[in-house]
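Here is the structure we will look at, set down as C-alpha cells.
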Amino acid sequence: MVKIELKDGSIREYPEGITLLQIAEAISPKLAKNAVAAVFNGALTDLNRQIFEDGTVEFINFDDERGREVYRHTSAHIMAQAVKRLWPDTILAIGPAIEKGFYYDFDGSHKFNPDDLELIEKEMQKIIDADYPIVRKELSREEALRFFEERGERYKVELINDLPEDAVISIYQQGEFVDLCAGPHLPSTGRVKAFKLMSVAGAYWRGSEKNPMLQRIYATSFPKKSMLDDYLTKLEEAKKRDHRKLGKELGLFVLLDEGPGFPFFLPKGMILRNELEKFWREEHIKAGYQEIRTPIILNRELWERSGHWEHYKENMYFTKIDDEDYAIKPMNCPGGMLVYKQNLHSYKELPLRTCEMGLVHRHELSGVLHGLMRVRAFTQDDAHIFMLPEQIIDEIKGVIDLVDRFYSLFGFSYHVELSTKPEKAMGSDEIWEMATNALIKALEEKGLPYKVNEGDGAFYGPKIDFHLKDSLDRTWQCGTIQLDFQMPEKFDLTYIGEDGEKHRPVMIHRVVYGSIERFIGILTEHFAGAFPAWLAPVQAKVIPVAERHHEYANKVVEELKEAGIRIEADLRSEKVGYKIREGQLQKIPYLLVVGDNEVETSSVAVRHRKLGDQGIKPVAEFKELLLKEIADKAIV
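Okay, so the sequence shown: first residue is -12 according to the numbering used here, each after it adds one.
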C-alpha cells in the first residue's frame, strides 16, 4: 500500500500501482471528471501515472493556469495528428500551449489555406471521438534518435541532440500518432470538448530568420462549448474595439508610414492625453513626488556607466555630436541619477521621490510594431524614489497603493507577478536575494497574492509587475516596481547619515501607466472609445431641432464652456435623428436636444450615451450634474 496525502491534509491508503486518475475517481467522480493533471510530490504529472511510493497529491483542473497548459498542449497533439493523417509527408516541429490557446508548426509541401482548417477540425473531431488513451514512454537518447530519424522527423532529431546529456527523453502516443514531448498530457483524446482553429501564419524554426520558414496553425480549446463561444464572441468584440480603428474614427491618433512606430496625436487625442497627465500630476503631488524633466539625448559615457550600453545596446538609437557618441534615451533612470547628484542630501530628506513624464525611444523590429501597444517612441510615467534601507518596505507599499488608486479608478482588476534575477544581471547574488526578499515582504504585508517569474527581472534588480484585466478579460502588463541596489553604486549616489558619514541610498524605479501611449490604447479598447465624461474629448453636444434654435444652442454652449465643460453644437442642416445617431457613433457622453419647449424653459432634453433618454432638465441642473460626474471621475 502507498500513503497519499491530499490537499486538505487528510491521508489515504491505496494499493501500489494505482494511477492518479483512479485516486481522483475514488475521492469523487466529479473531481476525476474535471481534473486534467496532478501535482505529485511537487511535480506536475499525468493522471495516467502509476504510483509506487508515498506522497502528496493535488489535482489540477482547467481553472488553474497549469491545467490550461496541459489541456491545450494535448489539443496541439490532436491537431498535429489530424494534419499528419491528411498530409502524411508533413514534418512536425513544435506545438506548445500559449495564452488563450495553442499552435503547432509544420513543414511540408502542402501550403495550408483557410479552407484546410475546416478539414483539420473534422479530422480532429474523429480523433477526439475515438478517445485514444494517451500513453507516455521514456526512451534512451539512442532509441529516441533512431525512432525519429526513421520517420524523417528532422526537427525532433535536432531537439533531442540539443537536450542535456542527463535529460529524461519521453514520447507520447495516441492511436498511430507519436510525438516527442516532456508532457504532461490529458489521459485520453476524448477529454478535449470544444476547440477552434483560428488562423495560419508563417514562423521561422526556432524564431531565427536563418532557419526554414514553417507554417503555424493557431487554435484554441476549452472544456465547454459555452466557454469557447464566449471567447470567440470576445474576439469579435475585440476587433470592433481595435484602438487603431477607433483612434482614427474618433480623431484621437494615427500611425503613418512616414513614421512607423512613432504615433501622431490629434487634437481630441491630446485632450484625452492631457487629462490623463493632469490626473497623474495631481495624484503624484498628493503622494509627495517632485516632477523633473531630463534630456532625450545624453552621451555614451553615461550609458556605459548605467550598464545600458552593455545590456541594452541593440534596442537603442545613436547619434554623433562633435565627433562624440551619444544615445537617445531608452529609459529615464540615468537622467534621474544625475538630478539626484546635483545636491548633497541628508538622511532627513529621504525618501526623495522624483517623477517624470519622460519620452523614450527604443529600436523595435518593424514586424512587432502594433498601434500604440508596441511603438518606437513613447512616454513613460517614470518615478525614482531614493531612500534609506529601513524605508524600503513602506515605500514599496506606498507605490502599490498608488497603482491600486489608478487602476481602480478606471475599473481595472489586476494581478501581481514577481520577477527574479535574469541570466544577464549586475550585482551579487546576495544583493539580489536581499532585494527580492524586500519585494516579497511588502507584497505579503499588503496581502497581495503573486506569481513568481523566475529570471525575468530587470538587469539591475528584481521587480513587481501589475497585470491589469480589461473589459474583455485580456491582461496587460502596465505598472512595475523595480528595487535597485546597483544604480546608486554605479553613479556613486550618497546621503549624509545621522553619523555625519556618507552612505549609499537604495532606489525604486516605478511606473503606473507604464507607457502613456500604450495605456491610451488599452483604455480605448477597454471603453470601446466610450470614455468616461472626465476623459471624453467632447463631453456634451447640443443638437438644435431647427435653425431658429441655433441662437439658444450657442447660448447653452457658451454657458457650459464657461464652467469648463468641453461642449460643441451641431448646427448642420441635418435631421435630428441623424445628428443623434452620429453623436452616438462619436461616443459623446451627453447629447442635448433643444427645441421650442427648451428655449422657453431654459432647459435641455438630455440623452445619455448608455442610459438613453434622461428627460428635460434645466441647464443649470444639468451643468451641476455633469460637473459632479467629472469631478468624481465616475465611470458611467
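Glycine included, each C-beta is placed from N, C-alpha and C at the ideal position.
*Does Ile114 have its Cβ less than 8 Å from a Cβ in chain C?*
Checking the listed chains, one finds no chain C in this structure; it contains a single protein chain.
*Residues bridged to Glu278 by DSSP?*
The partner list for Glu278 (beta bridge, DSSP) reads Cys342.
_Own chain partners of Arg340 with C-beta closer than 6 Å, once the 5 adjacent residues on each side are dropped_ = Apart from sequence neighbours up to five positions away, the residues of its chain that approach Arg340 with a beta-carbon distance below 6 Å are Gly275, Tyr276, Ile372, ordered along the chain.
*asked:* With DSSP as the reference, identify every bridge partner of Leu184, one or two as the case may be.
replied: Under DSSP, the beta-bridge partners assigned to Leu184 are Ala206.
_I'd like the span of the alpha helix (DSSP H) that includes Leu522, first residue to last._
Unbroken run through Leu522: none, as it is neither H nor E.
*Would you report the Cα separation of Ala19 and Leu173, rounded to the nearest angstrom?*
C-alpha of Ala19 to C-alpha of Leu173: approximately 12 Å in a straight line.
*Could you give the distance in angstroms between the alpha-carbon of Asn286 and the alpha-carbon of Gly484?*
Distance from the CA atom of Asn286 to the CA atom of Gly484, rounded to whole angstroms, is 32 Å.
*Give, in chain order, every unbroken run of the alpha helix (DSSP H) that is at least 4 residues long and sits entirely within the stretch 515 to 588.*
Complete alpha helix (DSSP H) runs here, min 4: 537 to 549, 563 to 572, 583 to 588.
*asked:* Just to check my reading of the structure: Phe399 and Leu470 have Cβ atoms closer than 8 Å, yes? What is that Cβ distance to the nearest angstrom?
replied: Not confirmed; about 24 Å, so no contact.
*Please look up how many angstroms separate the CB atoms of Val529 and Val581, rounded, as I've assumed it's under 8 Å.*
Cβ atoms of Val529 and Val581 come within 8 Å of each other, at about 6 Å.
*Terminal residues of the continuous alpha helix (DSSP H) containing Ala11?*
Where Ala11 is concerned, the enclosing alpha helix (DSSP H) stretches over 7 to 14.
*Val403 (DSSP reduced to helix, strand or coil)*: Residue state, collapsed to three classes: strand.
*Check Tyr447 in the structure and name its three-state DSSP category.*
In this structure, DSSP gives Tyr447 a state outside helix and strand, which the three-state scheme calls coil.
*Just curious, the alpha helix (DSSP H) that Val326 is in, first and last residue?*
First-last of the alpha helix (DSSP H) with Val326: 320 to 327.
*Can you pull the DSSP bridge partners for Thr467?*
Thr467 is bridged by DSSP to Asp452, Val498.
_Backbone CA spacing between Ser195 and Leu201 [nearest angstrom]_ = CA-CA distance, Ser195 to Leu201, rounds to 11 Å.
*Backbone CA spacing between His298 and Lys411 [nearest angstrom]*: Between His298 and Lys411, the C-alpha separation is close to 8 Å.
_Tell me which residues share the same chain as Lys610 and place their Cβ nearer than 8 Å to its Cβ, disregarding the 5 neighbours each side in the sequence._
Within the same chain, Lys610 has close Cβ partners Glu546, Leu547, Ala550, Ile552.
*So Phe135 and Ile147 are in contact, right, with Cβ under 8 Å, and what is the actual spacing, rounded?*
Contact flag correct, Cβ pair sits at about 7 Å.
*Give the DSSP-derived three-state secondary structure of Lys307 in the structure shown.*
Reduced to three states, the DSSP call for Lys307 is strand.
*asked:* Just to confirm before moving on: does the CB-CB distance between Gly345 and Gln329 stay below 8 Å?
replied: Between Gly345 and Gln329, the gap from beta carbon to beta carbon reaches 8 Å or more.
*What separation, rounded to the nearest whole angstrom, lies between the Cα atoms of Met421 and Phe305?*
If you take the alpha carbons of Met421 and Phe305, they lie about 35 Å apart.
*Is Asn440 helix, strand or coil when you go by DSSP?*
Three-state result, Asn440: strand.
*Ends of the beta strand (DSSP E) at Arg644?*
The first residue shown for the chain is -12 and the last is 623, placing residue 644 beyond what the model contains.
*Can you tell me the Cα-Cα spacing of Asp619 and Tyr394, whole angstroms?*
Roughly 15 Å between the two C-alpha positions.
_Quick check on the burial criterion: 16 or more other C-beta atoms within 10 angstroms. Buried or exposed for Asn100?_
Burial call: exposed.
*Tyr577: buried (16+ other C-beta within 10 angstroms of its C-beta) or exposed?*
Counting the other CB atoms within 10 Å of its CB gives Tyr577 a total of 16 or more, which places it among the buried residues.
_As an exercise, report each continuous beta strand (DSSP E) stretch of at least 3 residues that is fully enclosed by the stretch 584 to 621, in chain order._
Correct list: 590 to 595, 599 to 605.
*If you compare alpha carbons, which of Pro492, His537, Trp463, Thr61 is closest to His332?*
When each option's Cα is compared against that of His332, the closest is Pro492.
*asked:* Assuming Ala206 and Gly88 are in contact, meaning their beta carbons sit under 8 Å apart, how far apart are those beta carbons, in whole angstroms?
replied: Confirmed, about 6 Å.
*Given Asn319, which residues of its chain have a CB within under 7 Å of its CB, disregarding the five upstream and five downstream residues?*
For Asn319, where only same-chain residues beyond five positions count, the Cβ hits under 7 Å are Thr281, Glu343, Gly345, Val347, Gln367, Asp369.
*asked:* Which same chain residues end up closer than 8 Å to Lys212 when comparing Cβ atoms and leaving out the 5 residues on each side of it in sequence?
replied: So the list reads Lys180, Ala181, once near-sequence residues are dropped.
*Note down the Cα distance separating Met230 from Pro250, rounded to an integer number of angstroms.*
The amino acid occupying residue 230 in the given sequence is His; Met does not appear at that position. Spanning the alpha carbons of His230 and Pro250 requires a straight line of approximately 12 Å.
*Going by DSSP, which residues form a beta bridge with Tyr159?*
Beta-bridge pairing links Tyr159 to Arg123, Asp166.
*Report buried or exposed for Ser15, applying the criterion of at least 16 other Cβ atoms within 10 angstroms of its Cβ.*
Exposed, since its Cβ has fewer than 16 Cβ neighbours within 10 Å.
*Cβ-Cβ distance between Trp290 and Pro321 below 8 Å*: Yes. Within cutoff.
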